[in-house]
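Notes to accompany the following structure.
2 protein chains.
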Amino acid sequence: MKRHTKIDKLPTVRRLPGYLSILQKLSATGEMFVSSSKLAEKMGIIPILVRKDIELIQVSGTPRIGYPIKLLIERIENYLGWGASLDAVLIGAGQLGSSILANRELNTLGLRIAAGFDNDSRKMKTSVHGVPIYDSARLEELLKTMHIGLAILCVPAVYAQNVTDILVASGVKGIWNFTSARLSVPEDVITQKEDLTPGYAVLSAKLTRLQTSACR
Amino acid sequence: MKRHTKIDKLPTVRRLPGYLSILQKLSATGEMFVSSSKLAEKMGIIPILVRKDIELIQVSGTPRIGYPIKLLIERIENYLGWGASLDAVLIGAGQLGSSILANRELNTLGLRIAAGFDNDSRKMKTSVHGVPIYDSARLEELLKTMHIGLAILCVPAVYAQNVTDILVASGVKGIWNFTSARLSVPEDVITQKEDLTPGYAVLSAKLTRLQTSACR
DNA sequence: TAGATTGTTAATCGATTAACAATC
DNA sequence: TAGATTGTTAATCGATTAACAATC
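Respectively, the protein sequence lines represent chains C and R. Numbered continuously in the working numbering, the first sequence closes out at residue 1357. Numbered continuously in the working numbering, the second sequence closes out at residue 1357.
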């Protein structure tokens, strides 16, 4: 009875956007086919890993020729549900929220932010990067009129759970969490947490090791 | 002769900031010891994984009592080189750059941004979140006067390699790359790339699976 | 045909999980 | 002493890598 929203090839799925962006560029230059070794080189990985990844999206290639670019693009977009664009709302139009509104790359990946919400009166009724910003107090009311698949959460951590509860009650099934709060949600709601600290930790650890090893 | 800056317990290192933040909160409430099961619960993982992670930072605990919080904090900070704070510069004070300047969390983790650079004349000579912003043209000149361990790269992707070359020539050994460009650097320079698209792909894939599985 | 590239099957590697003895 | 928790050793699991046959 447990609803399993575990994805079973997580590392592969995480690489899909990288492939997609390379493929779109190749396609724009008129290329029709690409080999696993060429994709591998541009991704900074090895060819066999590319072939394994392509297995997931069920595209077959031709020996000596490679894989059909158009089909790879289509299957990746289909796998990720990026064929039709996804309507999203953004909650918290501060510095971080604004930088996401400004991010063109996410747009090209099928993300369309229909509205923003903020409780700073200076931001309300204005439009940031073409997206209208409404009063957070109207969140529940306006969500009812929109068909929203995803909420992007950029509020201060202390409000995160509170806003999440409203989103969940309004039927939002996906929450992209940019706050430091861990959210509790029903099992049929999917959350994805973004956090800079793991990457910063890896960078710091490497830098520390580099310095000490250079000292000998 | 190869200089290896590979970190061998990457998943563990990525979890260290999570532990650190929990431990600092516990320490602030006056707690002296914590068990692996308590840490595990707050991290959303299982206790044995916590004990394995603690192995890396070489803290030993006491049966029935747990691990000494102060020592855990000290060893994590030491492992990551976060004891002394790290001087950084930020290149590109646009929306994204400003949101990093505004991020208090990174400050508490030992990151101190000494200066920002931008070539938008409106931003120069002003101060964003207490950090002075200089003309990008003065990057090379000013880097010579500073002792910089890390550069945070938030410029448009097309300028990324160009700026990187300047940074490398100025002796910067760590680059935190928020652009979509893949950077080429000498082997003694460490880069860490941040990218929202893998997380977005995972979220999208799960949402797509959820919807289709709910339809039956 | 020759040779490059795919695709399959097996091996390796590392991370997570399990089992349980040691310890306070 | 009893029982909770650590720490060690082994098992499992999944991702990556290797080897090589199949194919165009």
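Yeah, the Cβ is synthetic: ideal placement off N, Cα and C, and Gly gets one too.
Legend entry - Boundaries of the beta strand (DSSP E) in which residue 1272 (chain C) is found, first to last residue: First-last of the beta strand (DSSP E) with residue 1272 (chain C): 1272–1276.
Inset, instruction - Tell me whether the beta-carbon of residue 1280 (chain R) lies closer than 8 angstroms to the beta-carbon of residue 1331 (chain C). - result: No; because the gap between Cβ atoms is not below 8 angstroms, this pair is not in contact.
Legend entry - Beta bridge counterpart(s) of residue 1169 (chain R) as assigned by DSSP: Answer by DSSP bridge pairing: none, since residue 1169 (chain R) is not bridged.
Inset, instruction - With DSSP as the reference, please indicate the residues paired to residue 1334 (chain R) in a beta bridge. - result: Note: residue 1334 (chain R) sits in a beta bridge opposite R:1318.
Legend entry - At least 3 beta-carbon pairs within less than 8 angstroms: the stretch 1161–1178 of chain R vs the stretch 1195–1215 of chain R: Contact holds: three or more Cβ-Cβ distances are below 8 angstroms.
Inset, instruction - For residue 1160 (chain C), decide whether its Cβ has a neighbour in chain R, counting only Cβ atoms nearer than 8 angstroms. - result: At a cut-off of 8 angstroms, the C-beta of residue 1160 (chain C) has no neighbouring C-beta in chain R.
Legend entry - Cβ pair residue 1206 (chain R), residue 1168 (chain R) closer than 8 angstroms: Cβ distance not < 8 angstroms, so residue 1206 (chain R) and residue 1168 (chain R) don't count as in contact.
Legend entry - Per-residue DSSP class, three states only, for residue 1203 (chain C): The answer is strand: DSSP assigns residue 1203 (chain C) an E or B state.
Legend entry - Any chain R beta carbon closer than 8 angstroms to residue 1246 (chain C): True, the Cβ-Cβ gap to chain R drops below 8 angstroms.
Legend entry - Alpha-carbon spacing of residue 1238 (chain R) relative to residue 1348 (chain C), whole angstroms: About 22 angstroms.
Inset, instruction - At 7 angstroms on the CB atoms, spell out the chain C contacts of residue 1185 (chain R), in chain order. - result: The contact set of residue 1185 (chain R) on chain C, defined by CB atoms closer than 7 angstroms, consists of 1323 in chain order.
Inset, instruction - Output yes if chain R places a C-beta closer than 8 angstroms to the C-beta of residue 1220 (chain C); else output no. - result: Yes, because at least one Cβ of chain R sits closer than 8 angstroms to the Cβ of residue 1220 (chain C).
Inset, instruction - Verify whether the separation of the beta carbon atoms of residue 1274 (chain C) and residue 1258 (chain C) is less than 8 angstroms. - result: Between residue 1274 (chain C) and residue 1258 (chain C), the CB-CB gap stays under 8 angstroms.
Inset, instruction - Spatial neighbours of residue 1197 (chain R) within its chain, please: CB distance less than 6 angstroms, with the 5 preceding and 5 following residues excluded, ordered by chain position. - result: Excluding positions up to five away in sequence, the list reads 1150 and 1153.
Legend entry - At least three beta-carbon pairs within less than 8 angstroms, the stretch 1227–1236 of chain R to the stretch 1180–1188 of chain R: Segments in contact, no.
Legend entry - Exposed unless 16 or more other CB atoms sit within 10 angstroms - verdict on residue 1189 (chain C): With fewer than 16 Cβ atoms within 10 Å of its Cβ, residue 1189 (chain C) is classed as exposed.
Inset, instruction - Can you tell me which of R:1314, R:1270 and R:1260 puts its alpha carbon nearest to the alpha carbon of residue 1232 (chain R)? - result: Nearest C-alpha to residue 1232 (chain R): R:1260.
Inset, instruction - Measure from the C-beta of residue 1335 (chain R) to each C-beta in chain C and report whether the shortest distance is under 8 angstroms. - result: Chain C, which has a Cβ nearer than 8 angstroms to the Cβ of residue 1335 (chain R), makes this yes.
Inset, instruction - Find the nearest neighbour of residue 1163 (chain R) within the set R:1148, R:1244, R:1147 and R:1191, judged by alpha-carbon distance. - result: Taking only the C-alpha atoms, the option nearest residue 1163 (chain R) is R:1191.
Inset, instruction - Rounded to whole angstroms, what's the CA-CA distance from residue 1309 (chain R) to residue 1276 (chain R)? Just pull it up for me. - result: Roughly 19 angstroms between the two C-alpha positions.
Inset, instruction - Name the residue from C:1307, C:1216 and C:1342 whose alpha carbon lies nearest to the alpha carbon of residue 1282 (chain C). - result: The residue with the shortest Cα to Cα distance from residue 1282 (chain C) is C:1307.
Inset, instruction - Quick one: list the residues of chain R neighbouring residue 1290 (chain C), beta-carbon separation under 7 angstroms, in chain order. - result: The contacting residues are 1348.
Legend entry - Within-8 angstroms CB hit, residue 1341 (chain C) to chain R: Interface residue, yes.
Inset, instruction - At 4 residues or longer, and completely inside the stretch 1208–1254 of chain C: list those alpha helix (DSSP H) runs for me, N to C. - result: When DSSP assignments are scanned along the stretch 1208–1254 of chain C, the uninterrupted stretches of alpha helix (DSSP H) that are 4 or more residues long and fall wholly within it turn out to be 1210–1221, 1236–1242 and 1245–1249.
Legend entry - Closest by C-alpha distance to residue 1147 (chain R), when choosing among R:1298, R:1193, R:1329 and R:1296: Taking only the C-alpha atoms, the option nearest residue 1147 (chain R) is R:1329.
Legend entry - Minimum Cβ-Cβ distance from residue 1249 (chain C) to chain R less than 8 angstroms: For residue 1249 (chain C), the nearest beta carbon of chain R is not closer than 8 angstroms to its own beta carbon.
Inset, instruction - Note down, in chain order, all residues in the stretch 1301–1326 of chain C with a beta-carbon under 7 angstroms from any beta-carbon belonging to chain R. - result: Those would be 1314, 1315, 1317, 1321 and 1323, in chain order.
Inset, instruction - Write down the C-beta distance between residue 1250 (chain C) and residue 1339 (chain C) rounded to the nearest angstrom, noting that I regard them as a contact closer than 8 angstroms. - result: In fact, because the Cβ distance is near 22 angstroms, the residues do not count as touching under 8 angstroms.
Inset, instruction - Tell whether a beta-carbon distance below 8 angstroms holds between residue 1302 (chain R) and residue 1278 (chain R). - result: The Cβ atoms of residue 1302 (chain R) and residue 1278 (chain R) lie no closer than 8 angstroms to each other.
Inset, instruction - List the residues of chain R whose Cβ lies closer than 8 angstroms to the Cβ of residue 1263 (chain C), in chain order. - result: Per Cβ cutoff of 8 angstroms: no residues; residue 1263 (chain C) is ~16 angstroms from chain R at best.
Inset, instruction - Output the boundary residues of the beta strand (DSSP E) element that contains residue 1283 (chain C). - result: For residue 1283 (chain C), there is no enclosing beta strand (DSSP E); the residue is part of the alpha helix (DSSP H) that begins and ends at 1280–1286.
Inset, instruction - With 8 angstroms as the limit, tell me which residues of the stretch 1150–1178 of chain C have their beta carbon closer than that to any beta carbon of chain R; keep them in chain order. - result: Of all residues in the stretch 1150–1178 of chain C, only 1151, 1154, 1155, 1156, 1157, 1158, 1159 and 1162 come within less than 8 angstroms of chain R when Cβ atoms are compared, listed by chain position.
Inset, instruction - For the stretch 1227–1243 of chain C, enumerate the residues whose C-beta is nearer than 9 angstroms to any C-beta of chain R, in chain order. - result: For the stretch 1227–1243 of chain C, which is checked against every Cβ of chain R, the residues closer than 9 angstroms are 1227, 1235, 1236, 1237, 1238, 1239, 1240, 1241, 1242 and 1243.
Inset, instruction - Classify residue 1294 (chain R) as helix, strand or coil using the three-state DSSP reduction. - result: Strand at residue 1294 (chain R).
Legend entry - Alpha-carbon spacing of residue 1262 (chain C) relative to residue 1195 (chain R), whole angstroms: The C-alpha of residue 1195 (chain R) is placed about 46 angstroms away from the C-alpha of residue 1262 (chain C).
Inset, instruction - Taking residue 1193 (chain C) as part of the alpha helix (DSSP H), name the residues at either end of that continuous run. - result: Looking at the DSSP string, the run of the alpha helix (DSSP H) that includes residue 1193 (chain C) is 1188–1197.
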